[in-house]
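Residue numbers (the working numbering): 2 to 92. Glycine included, C-beta positions come from ideal geometry on N, C-alpha and C. These numbers were taken from a predicted model, which means no experiment stands behind them. The structure appears right after this line, and notes come after that.
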Amino acid sequence: MRKDIKASVGKRLGRIEGQVRGLSKMVEEDRYCIDIVTQISAVRAALRRVEEEILKDHVAHCVEHAIASGDKVDQRAKIAELMAVIGRAER
Numbered sequence: 002m003r004k005d006i007k008a009s010v011g012k013r014l015g016r017i018e019g020q021v022r023g024l025s026k027m028v029e030e031d032r033y034c035i036d037i038v039t040q041i042s043a044v045r046a047a048l049r050r051v052e053e054e055i056l057k058d059h060v061a062h063c064v065e066h067a068i069a070s071g072d073k074v075d076q077r078a079k080i081a082e083l084m085a086v087i088g089r090a091e092r
């Protein structure tokens, strides 16, 4: 993973970690259920953005390298991995 992407992802994950701690506090404080569910949706959206950033970096480096290498086996493996991850993400 590129250093700039790693730093960006690290910052995002730190914010998400804070959001999750906030959710735990909301539950402990018996906050209104809809407010908790709204915050859960915000955490999911933030995680999706992290996932997208990591996948873009993966395509830009790992998949691109496999394509440029000319190694058909490696190319197929990288594409298969990518499709499997995308398939799981849609569930």
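In the structure shown, the three-state DSSP call for G71 is coil.
Comparing C-alpha distances from R49 to each of I68, H59, E91, M2 shows the shortest one belongs to E91. About 10 Å separates the beta carbon of I41 from that of V28, a gap too long to meet the 8 Å contact definition.
A straight line joining the alpha-carbon of D58 with that of I6 spans about 7 Å.
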